[in-house]
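A.B. asks: Dropping a structure here in structure tokens format, bear with me for questions.
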Amino acid sequence: MDMTGKVVMVTGASRGIGAAAAKRFAAAGAKVALVARSADAVADVAGEIGRDQAVAIPCDISRYWEVDQTVQNCIEAFGRLDVLVNNAGVIEPIAHLAEADPEAWGQVIDINLKGVFHGMRAALPPMIAQGSGTILTIGSGAAHGPVEAWSHYCASKAGALMLTRMADKENREAGIRALSLSPGTVATQMQKEIKASGVNPISRLDWSDHIPPEWVAEALLWMCGPDADDYLGDEISLRDPGIRSKVGVA
Ligand SMILES: NC(=O)c1ccc[n+]([C@@H]2O[C@H](COP(=O)([O-])OP(=O)(O)OC[C@H]3O[C@@H](n4cnc5c(N)ncnc54)[C@H](OP(=O)(O)O)[C@@H]3O)[C@@H](O)[C@H]2O)c1
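If you use UniProt numbering, the sequence shown corresponds to residues 1 to 250, in order.
Below you can see the structure in the form of structure tokens.
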């Protein structure tokens, strides 16, 4: 998949899946805008990719005005925006519904759900104006079933999946490709936090059960190509052996 001439913005690119995705898209020839709250960490990843191909933009995706400015900065830096990867997300604080702190619960919704809306809201107008664009959102099996002590996470991922469906419903005819990727469990900081909680069966998985973030990055790249068009407006599961084989990570 050659991404030469394409511009990709990845949220949550300071580590984990987002950092791997930014590196993979850059290796495929794209210019990449890396977004996260930690200015130093995201600048380090952009620095590894190289100044001619990557720009780091510190931004908290829970604030719309920051996301809107970030999209503008990306377009100023590279002239366009072809792919938005809505990847940034959090799992903490893990807590049972009856004990969850309402403020902290709402902050997870602000990041995992509203952050996805903010990305779509800011990226869609320039993509529609150029007649093309791909919006990939990292989903989760948690969108489809309850997981103990994850009410914030499950609710936010279920809502984010509906946002992908909405983005497709309203904008496919304008040339917008919107898809969600449910990666399965991935060896990142988020899984360390889940393991430390010790609360549900996912926290008791062996570390070797998790796939590397590079597999998710490979799937995201594949989703930018026409082979993924069968899944527009839908969710792709990287647990599916057929998908793994199409992506080339089986
Ligand atoms: N790991 C898994 O097993 C798994 C499974 C299914 C789905 N996912 C999803 O995959 C995505 C990436 O997770 P990961 O596993 O790579 O986790 P991770 O290593 O914890 O990385 C999360 C990233 O999101 C960024 N982030 C968090 N809040 C943000 C905010 N308000 N604004 C901007 N950036 C923010 C973090 O950077 P800063 O802290 O610097 O902002 C970091 O770069 C998430 O949406 C997660 O729900 C993960």
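A virtual CB, placed ideally from N, CA and C, is assigned to each residue, including glycine.
Predicted model only: the values in this text are computed from it and were never measured.
#1: Should residue 106 be counted as a contact of ligand 1 given a C-beta to heavy atom distance under 7 Å?
#2: Only counting runs of 3 or more residues, tell me where the beta strand (DSSP E) segments fall wholly within the stretch 14–59, in order along the chain.
#3: Rounded to whole angstroms, how far is the Cβ of residue 57 from the Cβ of residue 73, which I believe are closer than 8 Å?
#4: Taking 8 Å as the threshold (C-beta atoms), are residue 11 and residue 18 in contact?
#5: Less than 7 Å between the CB of residue 87 and some heavy atom of ligand 1, yes or no?
#6: What are the residues that DSSP puts in a beta bridge with residue 9?
#7: Under 8 Å by Cβ, that's how I've got residue 70 and residue 42 pegged, so tell me the actual separation to the nearest angstrom.
#8: How about residue 240: is its Cβ closer than 7 Å to a heavy atom in ligand 1?
#9: Is DSSP giving residue 177 helix, strand or coil here?
#10: May I ask you to verify whether the stretch 227–241 touches the stretch 175–182, counting CB pairs closer than 8 Å and requiring at least 3?
#11: Run the CB neighbour count on residue 118, radius 10 Å, all protein chains shown included, and call it buried at 16 or more, exposed below.
#12: Measure the C-alpha to C-alpha separation of residue 7 and residue 192 and round it to an integer number of angstroms.
#13: Whose C-alpha, out of 156, 210, 151, is nearest the C-alpha of residue 190?
C.D. replies: Reading from the atomic positions:
#1: Set against 7 Å, the gap from the CB of residue 106 to the closest heavy atom of ligand 1 is not smaller.
#2: Taking only runs of at least 3 residues, the beta strand (DSSP E) segments lying wholly in the stretch 14–59 are 31–36, 54–58.
#3: Their Cβ separation, rounded to whole angstroms, is 5 Å, which keeps residue 57 and residue 73 in contact under 8 Å.
#4: In this structure, residue 11 lies closer than 8 Å to residue 18 by Cβ.
#5: At least one heavy atom of ligand 1 lies closer than 7 Å to the C-beta of residue 87.
#6: According to DSSP, residue 9 shares a beta bridge with 33, 84.
#7: Actually they do not touch by this definition, with Cβ atoms about 11 Å apart.
#8: No, Cβ of residue 240 sits at least 7 Å from all heavy atoms of ligand 1.
#9: For residue 177, the secondary structure class from DSSP, reduced to helix, strand or coil, is strand.
#10: Flag = yes, the stretch 227–241 and the stretch 175–182 touch.
#11: With 16 or more other Cβ atoms within 10 Å, it is buried.
#12: Roughly 31 Å separates the two Cα atoms.
#13: Residue 190 has its Cα closest to that of 210, out of 156, 210, 151.
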